[in-house]
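First up is the structure itself, then whatever we jot down about it.
Chains as they are written, first to last, in my numbering: chain P, 1 to 276; chain E, 1 to 276.
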């Protein structure tokens, strides 16, 4: 293992939520720099993106497996920015971004995993979930859309669902973008003040903000109960965009490298063929 | 109209297949440069992409309409390369690429437009079809998968389908990447010879190549019969990648500019709000 690879592995390890161990989100500093320097990190991000690009092309060519990156966070933590900064530049044909808003229509006429399963990436693709089935144990729990007797069973459903995906060729990787309450305040204020950003602001954001401790508790439970070796959670410091971007990119790279995607075997009779 | 806009409009016009006029593909030179210089074209592409990026963000924010870019071409004309070169760099959350291979499973248990309709981009998105429903009047016609009595009715279905999309908010823009038979030969040979590209080569590509005149005839018919003001076809010279890339990018930009996407109205009570 090179020094670079060792440093990658140790960062990954430090952010990972350990299976079956208690989790305290307050132990995770949203403003952490992970020992990185801002300018160097920007350069490194470009390097990491090039490596992701090569592996994405192989995954796409192989067409046997897929990777699903789940992004969850409080408002304004930077889910959209992460997608834009890490994935722009990759081949769009190999990426499928799915955003899950408030369910409606046929979605509410099915179990909560139905729409999520339908959006799973097909073989060869990197799928991104901007919000996900975790909303059904987060906002749904905090705002009491269903009683505890219902949401409390969902952690096991979710673990079983993600195990299915993994067993059948879809690596599931989950990132919680951990923003602080004060940084969120600044960012929401920025949205209010900037006419170009104002469309992103919803009065409802303030309602969720008031429930901050309840959301933190729900996140803690969700992460602790569903972080498994097959489908790990990572707590990504998100108060600094440059740290958040590089951390998520490294996590993605790490898992793509572990997958070792291969070019598919060629058809017989191609060697030495002359096209006329 | 500025000089730049006038030049954009005239290129668009020259590539556009006129509604209800006879079309001769042999009048369209696959090696045309459209009067562009290679180095300048690469710089201009970057500029065009920046302008597309701004408009894509507005389309995404507006969330009222969508744009569907259909790419059709003979093998190795550069559909994948076009997607990669023009769309990489845009926000992946606003792009949905759909590739249509040989239909199977439930797809063949429905009419040929069923799977295509299901893949239409939702409001706010730019959808890309890498191949499309046009295969059902191209390869299906040339290889006689269905009799003429069946495929000959399809041009009208397709026009009606695309009119529906346009009427309901999806602008349909179609590009035929026009590669010459000799350039295709070179590119297929390159795939055979390069171990990194060989996985893209299928022996079946040679079968289609033998049917070149039949495909040209089927393309001519398809383009002439279905190029409408609502859903125009463009014949894009594709022997030179840099011409192809800039031409498709300009066509995309032209139609996005025509759509004039707007930021959505803000909720009431946001002005002057202080987030606490």
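Every residue, glycine too, gets a C-beta built ideally from N, C-alpha and C.
Taking only beta-carbon positions, decide if residue i is within less than 8 Å of chain E.
i, result
"residue 52 of chain P", "no"
"residue 161 of chain P", "no"
"residue 118 of chain P", "no"
"residue 303 of chain P", "With chain P covering 1 to 276 only, the question about residue 303 of chain P has no answer from this structure."
"residue 99 of chain P", "yes"
"residue 208 of chain P", "no"
"residue 253 of chain P", "no"
"residue 130 of chain P", "yes"
"residue 154 of chain P", "no"
"residue 61 of chain P", "yes"
Quickly, what does DSSP pair residue i with across the bridge? List them, please.
i, result
"residue 16 of chain P", "P:234"
"residue 170 of chain P", "P:66"
"residue 177 of chain P", "P:73 and P:236"
Indicate whether at least one CB of chain P lies closer than 8 Å to the CB of residue i.
i, result
"residue 144 of chain E", "no"
"residue 201 of chain E", "yes"
"residue 70 of chain E", "no"
"residue 275 of chain E", "yes"
"residue 115 of chain E", "no"
"residue 298 of chain E", "Beyond the ends of chain E as shown, which are 1 and 276, falls residue 298 of chain E; an answer cannot be given."
"residue 247 of chain E", "no"
"residue 198 of chain E", "yes"
Pop quiz: residue i and residue j are said to be a contact at Cβ under 8 Å. What is the actual Cβ separation, rounded to whole angstroms?
i, j, result
"residue 238 of chain E", "residue 138 of chain E", "Rounded, the Cβ-Cβ distance is 16 Å, inconsistent with contact."
"residue 52 of chain P", "residue 95 of chain P", "Their Cβ separation, rounded to whole angstroms, is 11 Å, which puts residue 52 of chain P and residue 95 of chain P out of contact at 8 Å."
"residue 128 of chain P", "residue 71 of chain P", "7 Å"
"residue 44 of chain P", "residue 246 of chain P", "6 Å"
"residue 19 of chain P", "residue 170 of chain P", "About 19 Å separates the two Cβ atoms, so there is no contact after all."
"residue 179 of chain P", "residue 30 of chain P", "6 Å"
"residue 120 of chain E", "residue 68 of chain E", "7 Å"
"residue 64 of chain E", "residue 91 of chain E", "With 8 Å as the limit, residue 64 of chain E and residue 91 of chain E do not qualify as a contact, their Cβ atoms being about 17 Å apart."
"residue 88 of chain P", "residue 243 of chain P", "About 19 Å; that fails the 8 Å criterion."
"residue 162 of chain P", "residue 172 of chain P", "5 Å"
"residue 205 of chain E", "residue 75 of chain E", "5 Å"
"residue 254 of chain P", "residue 8 of chain P", "6 Å"
"residue 220 of chain P", "residue 159 of chain P", "Between residue 159 of chain P and residue 220 of chain P the Cβ distance is about 16 Å, and since that is not below 8 Å, they are no contact."
"residue 191 of chain E", "residue 267 of chain P", "So it is not a contact: roughly 11 Å between Cβ atoms."
"residue 116 of chain E", "residue 132 of chain E", "6 Å"
"residue 248 of chain P", "residue 235 of chain P", "Not quite, the Cβ-Cβ distance comes to about 11 Å (not below 8 Å), so this is no contact."
"residue 97 of chain E", "residue 93 of chain P", "4 Å"
"residue 34 of chain P", "residue 223 of chain P", "Actually they do not touch by this definition, with Cβ atoms about 18 Å apart."
**Asked** Of the residues that make up the stretch 257-272 of chain P, which ones have a beta carbon closer than 9 Å to any beta carbon in chain E?
**Response** The stretch 257-272 of chain P vs chain E, Cβ under 9 Å: 263, 264, 265, 266, 267, 268, 269, 270, 271 and 272.
**Message:** Report the start-end ranges of each beta strand (DSSP E) in the stretch 21-87 of chain P that is 3 residues or longer and not cut off at the edges.
**Reply:** Counting whole runs of 3 or more residues, the stretch 21-87 of chain P contains the beta strand (DSSP E) stretches 66-73.
**Asked** Which runs of the beta strand (DSSP E) fall wholly inside the stretch 86-161 of chain E and span at least 3 residues, in chain order?
**Response** Within the stretch 86-161 of chain E, the complete beta strand (DSSP E) runs of at least 3 residues fall at 95-99 and 126-130.
**Prompt:** Which ranges does the alpha helix (DSSP H) cover as unbroken runs of at least 4 residues, wholly within the stretch 182-216 of chain E, from first to last along the chain?
**Reply:** Entirely contained in the stretch 182-216 of chain E, the alpha helix (DSSP H) runs reaching 4 residues are, in chain order, 204-210.
**Asked** Of the residues that make up the stretch 163-194 of chain E, which ones have a beta carbon closer than 7 Å to any beta carbon in chain P?
**Response** Those residues of the stretch 163-194 of chain E placed with their C-beta closer than 7 Å to a C-beta in chain P are 185, 188, 189 and 192, ordered along the chain.
**Request:** Give the residues from the stretch 76-94 of chain P that approach chain E closer than 7 Å (Cβ to any Cβ), ordered along the chain.
**Result:** Near chain E, meaning a CB-to-CB distance below 7 Å, the residues of the stretch 76-94 of chain P are 80, 83, 84, 87, 88, 89, 90, 91, 92 and 93.
**Message:** Closer than 8 Å between beta carbons: that is the criterion. Which residues of the stretch 215-245 of chain E meet it against chain P?
**Reply:** Taking 8 Å as the Cβ-Cβ cut-off against chain P, none of the residues of the stretch 215-245 of chain E qualify.
**Asked** Between the stretch 25-59 of chain P and chain E, which residues of the former have a C-beta closer than 7 Å to a C-beta of the latter?
**Response** The residues in question: there are none.
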